[in-house]
Amino acid sequence: MSKVYPSNLTQEQFELISGLIPPRKPGGRKRSVDIYSVLNAIFYVLCEGCRWRSLPGDFPNWQTVYTYFRNWRKDGTWVKIHDHLREWVRVDHHRDASPSEA
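All you need for the working numbering is the position in the sequence shown, starting with 1, plus 27.
The structure is reproduced here in structure tokens:
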């Protein structure tokens with residue numbers, strides 16, 4: 028990916044969530060795309076509100092990006108990322124990692 032978009036993750040942001048991205052399946056093919064680029068493409072679609080097919084050409088193929096998005100939605104990866112980031116923000120603000128019941 029050559030162009031920088033406002034929706035791109037910084038390297039620090041990527042490192043916060045990269046451990047939550049599922050590894051490739053055992054016996055499966057080696058990944059042919061960079062996961063950092065896939066995540067940036069997903070955030071581009073979500074932030075810009077464009078169609079998957081309208082992804083700029085410097086991102087990976089839209090079908091590949093959408094497949095990762097869909098698989099991570101089905102297997103709960105997005106929920107794990109959300110929960111991890113919520114806990115990280117709460118701790119950063121000197122609060123308990125888990126919200127208390129009101």
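Just so it is clear, CB atoms sit at the ideal spot from N, CA and C, and this is done for glycine as well.
As the structure is a computational prediction, the values presented were derived from the model and not from experiment.
Take Trp89, set aside five residues on each side of it, and the residues of its chain with a beta-carbon closer than 6 Å to its own are Trp79, Arg80 and Leu82, in chain order. DSSP places Cys77 in the coil class of the three-state scheme, outside both helix and strand. Under the Cβ criterion (8 Å, minimum of three pairs), the stretch 91-105 counts as touching the stretch 36-54. As the crow flies, the alpha-carbon of Lys30 is around 33 Å from that of Pro53. Looking at the backbone, the Cα of Asp110 and that of Gly84 are separated by about 32 Å.
Here the alpha carbon of Val92 sits roughly 12 Å from the alpha carbon of Arg58.
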